[in-house]
Amino acid sequence: MEFRRFRGTDQYLTSSALESAVNCALALERPLLVRGEPGTGKTQLAEAIASGLGLRLIHWPVKSTTRAQDGLYVYDTVQRLYDSRFGEGDVKDIRRYIKYVPLGNAFAAPDRLVLLIDEIDKADLEFPNDLLHELDRMRFVVNETGDEIVARQRPVVVITSNAEKELPDAFLRRCVFHFIEFPDKELMARIVRVHHPDLERQLLDQAIKAFYAIRDTEGLRKRPSTSELIDWIAVLRRAGIASVELDAGTPFLGALLKREQDLIAFAEAANRGRRPRA
Amino acid sequence: MFVEFLYELRDRGVKVGPQEAMSIAQALRLGLHKGTLDGFYETARALCVHREQDLDAFDRAFAHHFRGVPDEAIALTEELMEWLQQPKSRRELTELEQQLLQRMDLDQVRQQMRERLAQQRQRHDRGNRWVGTAGTSPHGSGGTNLAGIKVGDAPGGRGALEVAGERHFKDLRSDVTLDTRQIEVALRRLRAFVREGAEEELDIEGTIDKTARNAGELELKLRPPRRSNLRVLLLLDVGGSMDPHADVCERLFSAARRATHFKELRTLYFHNCIYGRVYERASLMRGIDVLHLLQDCDPSWRLIVVGDALMSPWELQSAGSRWSWTEDSGAPGIAWLAHLAQHFPHSAWLNPEREISWYGTAEIIRRVFPMYRLTQDGLLEAVHHLMRGGARR
Ligand SMILES: Nc1ncnc2c1ncn2[C@@H]1O[C@H](COP(=O)(O)OP(=O)(O)OP(=O)(O)O)[C@@H](O)[C@H]1O
Ligand SMILES: [Mg+2]
């Protein structure tokens, strides 16, 4: 069986290990579980896979109340009640009130697509196993109508999780796993270049140096991540700033440190003159 | 060679088994490793490692086994497949995997791989590492690997591998540590739901009722969703004799902190015994008056104390202790404990030590707090007790 290999895109930089993991998942038709610190490109990876393979992407952001069942379809009882009350539409046709949601959509789609189940760790403990069950079956019945939806092709499933919560063993065993490490300075420079192709070398170097030093500040509640760096550089450029030094007066620090306490922690560190290692 | 690698992974705590071996056999067959050792490393890692904590163990095992070892993919696949054919391994495979295995005809696999690897060699030659050439393998198809563990022994005979396998699985089963997931599962039972907050959920029963009363005119009834309103106070003994248990305490603490079904969780620390104060930091900094704490936390809070209840009797019976004797805490430790137990009718003491060492001070404390072991079973019992209305006073 042949399959199209994934090789990253010009918008998304991959490592060879990440490509191997993606290709394992594609070839073995297993879900790909990606873990890593916030901002390491977990969500973007799914988009890159979709665009790299020319497939449609369905994004399913998981919330704390999400249940696997809710991913298939919803039956809009309230709408139906209202319609029956106000005489709008054909209330006898239950199908009008059945709406497919991400997982259901992915199964119902005629073509293969990429299903991103984003931040699975947010949901209940039972969610991952329930989800696996639905994914393995590749079919479901709409109880209200008796319709059965059978997936024609297994979707490419990408699951992301922040490296915080333990996931059940049975679930982990089914997934191909990849941990995206936080990028080193060199890779970070290349990632920034993707987003700011015409950035001055000097500002790039200085911003990256400052960024890693700030990440090293002790006592931060939330260390800034790639997206914050990209945003910060955007702000600096819009303000016409061509050069940054790291001290208490560094411009637009709020773009990097979003919490009041973190700004204070950084200011304290800077004032103590004990500037963190650059 | 490869099977031995799997066992080494298991020895190092990476839980791999026939499922992983099966995936790797499939991956090799599909040529996902591109015929290179690097490719094999990446593929095996993606399939064997399921959590980042295991990556380092994988790396060390891999280096140990494969560095500088010129090997070939075909022999490895054969070895794997033969191992998988063993009843012991097969039993662990899912039905789907068993079917896949049956469909893999060894000769055919060998042929396919040879072709695939030849193609790949033409396409991108990454040196001659690891490209399969049949016949030169140190592991003949008869199936003994380098370490002398027999693979594919005659049926009925007890091959070394089988024996090794038995021993290993048994070890794994009797390994009853309390891992994070077990804690999470236990803590999940610690909840009590109430309906409060904004009315945002349709109450179907209520709607039907109201509509009926309203002579069939539809009248929707909304209600607030069910939310957990359980509050938990966690007091952790730190330092000294608790040091060996720091890991499991940390796991309990982080699982509790992540539990989304507590309305509120407060974690405070003490050393050996509780006197007038408990502390916000494990370093026993930022003291809080126990009496103030009791004002903040009404008796509906569930109190969980974690400690080995080991101290000198003197610490329990006299006011204050050696390390905080400058503090005037007034009453002896046991009186403070009794006061806490009195205030919180739902309370439990989790002890990381085995029952066998629950004597002396632990015996006294046991009369004040129901005491449970900090194991999976103990935790479940404690949670059960905390949820039961009746608590002993
Ligand atoms: N390898 C990469 N190539 C290009 N851009 C990247 C890469 N990694 C991260 N980025 C950029 O960093 C930002 C954050 O990425 P993304 O939102 O995918 O991270 P995440 O891991 O999903 O984070 P979170 O855990 O917060 O959801 C995006 O703007 C993305 O474009
Ligand atoms: Mg994301």
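Line by line, the protein sequences are chains A and B. Using our numbering, the letters of the first sequence correspond one by one to residues 1072 to 1349. Using our numbering, the letters of the second sequence correspond one by one to residues 674 to 1066. Built from N, CA and C at the ideal position, the CB exists for glycine as well. All figures in this text were calculated on a predicted structure; none of them were measured in a lab.
Within-9 Å CB hit, residue i to chain A
i, result
"valine 1056 (chain B)", "no"
"aspartate 1069 (chain B)", "A question about residue 1069 (chain B) goes unanswered here, because the residues of chain B that appear run from 674 up to 1066."
"threonine 880 (chain B)", "yes"
"alanine 734 (chain B)", "no"
"glutamate 923 (chain B)", "no"
"leucine 728 (chain B)", "yes"
"valine 1041 (chain B)", "no"
"arginine 886 (chain B)", "no"
"isoleucine 877 (chain B)", "yes"
"alanine 1035 (chain B)", "no"
"aspartate 893 (chain B)", "The sequence given here places leucine at residue 893 (chain B); aspartate does not occur at that position. Closer than 9 Å: yes."
"valine 722 (chain B)", "yes"
"arginine 764 (chain B)", "no"
"lysine 688 (chain B)", "yes"
Presumed contact (8 Å Cβ cut-off) between residue i and residue j, rounded CB distance
i, j, result
"proline 1295 (chain A)", "leucine 1327 (chain A)", "4 Å"
"valine 1041 (chain B)", "alanine 1004 (chain B)", "Not a contact, Cβ separation roughly 14 Å."
"alanine 1098 (chain A)", "leucine 705 (chain B)", "6 Å"
"leucine 1317 (chain A)", "alanine 1281 (chain A)", "4 Å"
"tyrosine 942 (chain B)", "alanine 929 (chain B)", "Not a contact, Cβ separation roughly 14 Å."
"leucine 976 (chain B)", "valine 1247 (chain A)", "In fact, because the Cβ distance is near 44 Å, the residues do not count as touching under 8 Å."
"isoleucine 1230 (chain A)", "alanine 1177 (chain A)", "So it is not a contact: roughly 13 Å between Cβ atoms."
"leucine 1196 (chain A)", "valine 905 (chain B)", "Contact flag wrong, Cβ pair sits at about 17 Å."
Cα-Cα separation, residue i to residue j
i, j, result
"leucine 682 (chain B)", "glutamine 692 (chain B)", "14 Å"
"leucine 1104 (chain A)", "arginine 1244 (chain A)", "10 Å"
"isoleucine 1067 (chain B)", "serine 927 (chain B)", "The structure shown has nothing for residue 1067 (chain B), since chain B only spans 674 to 1066."
"histidine 1249 (chain A)", "proline 1043 (chain B)", "44 Å"
"arginine 1106 (chain A)", "lysine 936 (chain B)", "28 Å"
"alanine 982 (chain B)", "leucine 1334 (chain A)", "42 Å"
"arginine 685 (chain B)", "alanine 734 (chain B)", "8 Å"
"valine 1221 (chain A)", "arginine 1138 (chain A)", "20 Å"
"glutamate 1219 (chain A)", "tryptophan 1303 (chain A)", "49 Å"
"phenylalanine 1157 (chain A)", "proline 1109 (chain A)", "47 Å"
"arginine 1027 (chain B)", "arginine 1039 (chain B)", "14 Å"
"leucine 1053 (chain B)", "proline 898 (chain B)", "27 Å"
"proline 972 (chain B)", "alanine 1035 (chain B)", "24 Å"
"alanine 1121 (chain A)", "asparagine 1342 (chain A)", "47 Å"
"proline 1322 (chain A)", "lysine 1329 (chain A)", "14 Å"
"glutamate 1118 (chain A)", "glycine 1125 (chain A)", "10 Å"
"histidine 918 (chain B)", "glycine 1311 (chain A)", "55 Å"
"serine 901 (chain B)", "arginine 864 (chain B)", "6 Å"
"histidine 1266 (chain A)", "glutamate 1159 (chain A)", "49 Å"
"threonine 1114 (chain A)", "arginine 931 (chain B)", "22 Å"
"alanine 1336 (chain A)", "leucine 769 (chain B)", "54 Å"
"alanine 1021 (chain B)", "alanine 1055 (chain B)", "6 Å"
"serine 914 (chain B)", "cysteine 922 (chain B)", "13 Å"
"alanine 1011 (chain B)", "leucine 966 (chain B)", "15 Å"
"proline 1018 (chain B)", "glycine 949 (chain B)", "20 Å"
"methionine 984 (chain B)", "alanine 730 (chain B)", "38 Å"
"leucine 860 (chain B)", "arginine 868 (chain B)", "21 Å"
Neighbour flag for residue i against chain B, beta carbons, 9 Å
i, result
"leucine 1202 (chain A)", "no"
"tyrosine 1168 (chain A)", "no"
"serine 1087 (chain A)", "yes"
"alanine 1222 (chain A)", "no"
"phenylalanine 1077 (chain A)", "no"
"phenylalanine 1250 (chain A)", "yes"
"aspartate 1287 (chain A)", "no"
"leucine 1238 (chain A)", "yes"
"alanine 1092 (chain A)", "yes"
"leucine 1258 (chain A)", "no"
"serine 1155 (chain A)", "yes"
"leucine 1275 (chain A)", "no"
"valine 1229 (chain A)", "no"
"leucine 1324 (chain A)", "no"
"arginine 1244 (chain A)", "yes"
Any non-hydrogen atom of ligand 3 closer than 8 Å to residue i Cβ
i, result
"proline 1109 (chain A)", "Of the ligands this structure carries, namely ligand 1 and ligand 2, none is ligand 3."
What residues from the region 1177–1192 of chain A come within 7 Å of chain B, judged by C-beta to C-beta, listed N to C?
Sequence-ordered contacts of the region 1177–1192 of chain A with chain B are nonexistent [C-beta pairs closer than 7 Å].
Where the region 1114–1148 of chain A meets chain B: residues whose CB sits under 8 Å from a CB there:
Flagged, chain order: Ser1135, Thr1148.
Beta carbon nearer than 6 Å to a non-hydrogen atom of ligand 2
Selection output, chain order preserved: A:Lys1113, A:Thr1114, A:Asp1189, A:Thr1231.
Contact list for the region 693–712 of chain B against chain A, Cβ threshold 7 Å:
Listed by position along the chain: Ser696, Gln699, Ala700, Leu703, Leu705, Gly712.
Taking a Cβ distance cut-off of 7 Å, strictly less, list which residues of the region 1097–1108 of chain A are near chain B, in chain order.
Result list: Ala1098, Leu1099, Arg1106.
Mind listing which residues of the region 1290–1301 of chain A have their C-beta closer than 7 Å to chain B's C-betas, in chain order?
Answer in chain order: no residues at all.
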